[in-house]
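**Q** Take this structure, written in structure tokens, and hold onto it; I'll ask about it next.
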């Protein structure tokens, strides 16, 4: 049978070890685990932010396409590529004249929105079809994948 003295010595040694705190190895392991978890969480957050900006660009391009459709109903054609989206805020002077142009333009605040990366949208038209592009997160034409692909509304080439 174990004596009371052995139990006391055992618990006393446990108490002394616990009161010393964490060892350097234990702290490093904990910090490593936190860093790994933080990297995973941060990656997911950045993916969500990117996806949110892509969705915002798609919504803005759809709104611009709706305004261009209204322009077309009044002018019987889309603005030319050269006239660009600026035709939505001021009557174009070159090209086919639009006699039914809305005097206030086609965008309420009179400003053409920029994409979520603060770049101008790229507009192309042959008069019958339109294409609105954002170069996306990398702000460079072309590319593939979520961070490099262009965001396109309308006719795809």
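Residue numbers (the numbering used here): 1092 to 1248.
C-beta: ideal position from N, C-alpha, C; glycine also.
With residue 1223 and residue 1155 assumed to form a contact (beta carbons below 8 angstroms), what rounded beta-carbon distance in angstroms separates them?
**A** 6 angstroms
**Q** Is residue 1123 helix, strand or coil when you go by DSSP?
**A** helix
**Q** So, with DSSP's three-state summary, where would you put residue 1235?
**A** Here residue 1235 sits in coil by DSSP.
**Q** In whole angstroms, give me the CA-to-CA distance for residue 1176 and residue 1185.
**A** When rounded, the distance between both Cα atoms is 14 angstroms.
**Q** What does residue 1205 pair with, by DSSP beta-bridge criteria?
**A** 1211
**Q** Go ahead and pull the three-state DSSP assignment for residue 1223.
**A** Reduced to three states, the DSSP call for residue 1223 is strand.
**Q** In whole angstroms, what separates the C-alpha of residue 1133 from that of residue 1235?
**A** The straight-line gap from Cα to Cα measures roughly 23 angstroms.
**Q** What ranges does the beta strand (DSSP E) occupy inside the region 1124-1170, keeping only unbroken runs of at least 3 residues that lie completely in it?
**A** Runs of the beta strand (DSSP E) inside the region 1124-1170: none found.
**Q** Compare the Cα-Cα distances from residue 1228 to each of 1189, 1114, 1145 and 1130 and report the closest residue.
**A** 1145
**Q** Applying the criterion that 16 or more other CB atoms from any shown protein chain within 10 Å of the CB defines a buried residue, is residue 1165 buried or exposed?
**A** exposed
**Q** Among all the DSSP beta bridges, which residues are the ones paired with residue 1243?
**A** As DSSP reads the structure, residue 1243 sits in a beta bridge with 1224.
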